[in-house]
Amino acid sequence: RRLASVQSGEFMAVTESRGQAVGVGYAVSGNFSKVSALIARFSHEGEFLSTKEIHLGGTTQAHAAASTRDGGLVIGGSLSHHDGTSEQGFILRLSADDKIEWAHLTPSQMRIQAVEIDTNGDIVATGSREDQDAQWAVQAYRLTADGRILSQIRIGERMGSSFSGKAMTLDERGNIRIAFNSALVGGSYNPIGLIRLDGQESSCDQVSEDTSQTQEVSSTLATTTSNWSANEGQLVATSYPTQTEVLPISDEKICL
385 RRLASVQSGE FMAVTESRGQ AVGVGYAVSG NFSKVSALIA RFSHEGEFLS TKEIHLGGTT
445 QAHAAASTRD GGLVIGGSLS HHDGTSEQGF ILRLSADDKI EWAHLTPSQM RIQAVEIDTN
505 GDIVATGSRE DQDAQWAVQA YRLTADGRIL SQIRIGERMG SSFSGKAMTL DERGNIRIAF
565 NSALVGGSYN PIGLIRLDGQ ESSCDQVSED TSQTQEVSST LATTTSNWSA NEGQLVATSY
625 PTQTEVLPIS DEKICL
């Protein structure tokens with residue numbers, strides 16, 4: 385189905401929610417002056433049901449969606465400010481009737497590109513974030529169903545190349561697999577690969593509430609390119625408990 389009412393736009397992801405097909409992306413309106421995240425619901429027979437647009441003050445695009453048990457949605461995406469100097473990721477939850485229940489903005493120079501829901505109801509989101517050396521690292525968040533941030537993991541920092549998480553899947557044990565690409569600084573080298581993280585390694589259950597120490601986690605990185613043979617090496621991913629968030633939770637939360 386095609387949405388004739390949308391001036392211009394693009395679907396970026398699709399999911400199923402209680403017998404409905406839900407497409408998310410972005411829609412352009414106002415003579416191309418406003419870009420909003422687009423959520424469109426269709427029946428399994430393709431009948432159009434509803435649309436919703438969400439605008440967070442700048443160019444707002446939904447890149448990923450996952451359905452909740454109660455028919456709601458968790459959506460991840462990006463917010464680009466009009467001055468072009470900053471990009472932020474966002475994670476938000478919609479109820480079954482498409483009302484916003486909560487939303488988070490990530491720190492600047494970051495985007496969310498994949499979201500999944502664990503069997504215990506936790507939300508896992510991944511994307512990429514620019515570090516102080518103007519390089520990008522894979523970033524993953526774990527949140528509770530009500531939006532409380534449990535932990536974040538950053539992978540690929542200080543390795544002389546930029547990494548970007550593109551897609552993700554979870555198995556029944558909560559193990560996370562993130563598909564990524566990367567590029568060496570100053571070159572066109574663009575390997576792709578897969579990161580696997582144990583479900584417990586991405587949780588704060590192993591970090592007591594009264595400590596702010598980080599937890600060192602080893603994960604395996606495998607990369608391949610069309611002109612370079614497969615290579616395997618060791619990456620160290622640091623899991624940050626809530627007490628050591630880069631920004632306080634209140635600074636990341638949008639009250640809508």
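Using this note's numbering, read the sequence shown as starting at 385 and increasing by one per residue. From the three backbone atoms N, C-alpha and C, an ideal C-beta is built for every residue, glycine too.
Enclosing beta strand (DSSP E) for residue 419 [first to last residue]: In the sequence shown, counting from the first residue as 1, residue 419 sits at position 35. Residue 419 -> beta strand (DSSP E) spans 418 to 427.
According to DSSP, is residue 390 helix, strand or coil? By 1-based counting over the sequence shown, the position of residue 390 is 6. Note: residue 390 maps to coil in three-state DSSP.
Determine the extent of the beta strand (DSSP E) in which residue 409 is found, giving its start and end residues. The residue you call residue 409 lines up with position 25 of the sequence shown. Start and end: 404 to 413.
What are the start and end residues of each continuous beta strand (DSSP E) run of 3 or more residues lying completely inside the segment 451 to 522, in chain order? 457 to 464, 471 to 478, 484 to 492, 494 to 501, 507 to 514
When you compare each of 496, 390, 523 to residue 458 by their alpha carbons, which one comes out closest? Sequence index remark: in the sequence shown, residue 458 carries index 74 (1-based). Taking only the C-alpha atoms, the option nearest residue 458 is 496.
Pairwise C-alpha distance: residue 449 and residue 432: Start at 1 with the first residue of the sequence shown, and residue 432 comes out as number 48. Start at 1 with the first residue of the sequence shown, and residue 449 comes out as number 65. Roughly 18 angstroms separates the two Cα atoms.
Can you grab the Cα-Cα spacing for the pair residue 444 / residue 553, in whole Å? What you label residue 444 is simply residue 60 of the sequence shown in a count that begins at 1. What you label residue 553 is simply residue 169 of the sequence shown in a count that begins at 1. Cα-Cα distance, rounded: 24 angstroms.
Residue 401 and residue 410 closer than 8 angstroms at C-beta: Start at 1 with the first residue of the sequence shown, and residue 401 comes out as number 17. Start at 1 with the first residue of the sequence shown, and residue 410 comes out as number 26. Their beta carbons are not under 8 angstroms apart, which means residue 401 does not touch residue 410 by this criterion.
With DSSP as the reference, label residue 439 as helix, strand or coil. Mapped onto the sequence shown, residue 439 falls at position 55. Of the three classes helix, strand and coil, the one that applies to residue 439 here is coil, per DSSP.
Beta-carbon proximity of residue 397 to residue 428, cut-off 8 angstroms: As a position in the sequence shown, residue 397 is number 13, starting the count at 1. As a position in the sequence shown, residue 428 is number 44, starting the count at 1. In this structure, residue 428 does not lie closer than 8 angstroms to residue 397 by Cβ.
Check the C-beta distance from residue 523 over to residue 513 and give it rounded, since I have them as a contact under 8 angstroms. For the purposes of this step, residue 523 is identified with residue 139 of the sequence shown, where counting begins at 1. For the purposes of this step, residue 513 is identified with residue 129 of the sequence shown, where counting begins at 1. Their Cβ separation, rounded to whole angstroms, is 4 angstroms, which keeps residue 523 and residue 513 in contact under 8 angstroms.
CA-to-CA distance, residue 548 to residue 520, given in whole angstroms: Here the question's residue 520 lines up with position 136 in the sequence shown. Here the question's residue 548 lines up with position 164 in the sequence shown. The alpha-carbon atoms of residue 520 and residue 548 are separated by roughly 6 angstroms.
Which whole-angstrom value is the C-beta distance of residue 442 and residue 460, which I expect to be below 8 angstroms? As a working note, residue 442 is residue 58 in the sequence shown. As a working note, residue 460 is residue 76 in the sequence shown. Their Cβ separation, rounded to whole angstroms, is 16 angstroms, which puts residue 442 and residue 460 out of contact at 8 angstroms.
Assuming residue 509 and residue 499 are in contact, meaning their beta carbons sit under 8 angstroms apart, how far apart are those beta carbons, in whole angstroms? As a working mapping, residue 509 is identified with position 125 in the sequence shown. As a working mapping, residue 499 is identified with position 115 in the sequence shown. That belief holds up - the Cβ atoms of residue 509 and residue 499 are roughly 5 angstroms apart, short of 8 angstroms.
At what residues does the beta strand (DSSP E) containing residue 557 begin and finish? Residue numbering aside, residue 557 sits at position 173 when the sequence shown is read from its first letter. Premise fails: residue 557 is in no beta strand (DSSP E) and is neither H nor E.
Quick check on residue 399 - is its C-beta less than 8 angstroms from some C-beta in chain B? The question asks about chain B, but that chain is absent: this structure has only one protein chain.
Please report how far the alpha carbon of residue 391 lies from the alpha carbon of residue 463, in whole angstroms. In the sequence shown, residue 391 corresponds to position 7, counting from 1. In the sequence shown, residue 463 corresponds to position 79, counting from 1. Their Cα atoms are separated by approximately 20 angstroms.
Return the first residue and the last residue of the beta strand (DSSP E) that residue 538 is part of. Here residue 538 refers to the residue found at position 154 when the sequence shown is read from its first residue. Element bounds for residue 538: 533 to 539.
By the three-class DSSP mapping on this structure, what secondary structure does residue 529 have? Mapped onto the sequence shown, residue 529 falls at position 145. If DSSP states are grouped into helix, strand and coil, residue 529 belongs with coil.
Cβ neighbour criterion (16 or more within 10 Å) applied to residue 490: To locate residue 490, count along the sequence shown from 1; it is residue 106. So residue 490 counts as buried.
Separation of residue 470 from residue 478, as counted between CA atoms: Counting from one through the sequence shown, the residue named residue 478 turns up at place 94. Counting from one through the sequence shown, the residue named residue 470 turns up at place 86. If you take the alpha carbons of residue 478 and residue 470, they lie about 25 angstroms apart.
For a test of the three-state rule: what should DSSP assign to residue 448, helix, strand or coil? Residue numbering aside, residue 448 sits at position 64 when the sequence shown is read from its first letter. Note: residue 448 maps to strand in three-state DSSP.
Residue 556 versus residue 506 - alpha carbon distance: Here residue 556 corresponds to residue number 172 of the sequence shown, with the count starting at 1. Here residue 506 corresponds to residue number 122 of the sequence shown, with the count starting at 1. Near 12 angstroms, if we compare the C-alpha coordinates of residue 506 and residue 556.
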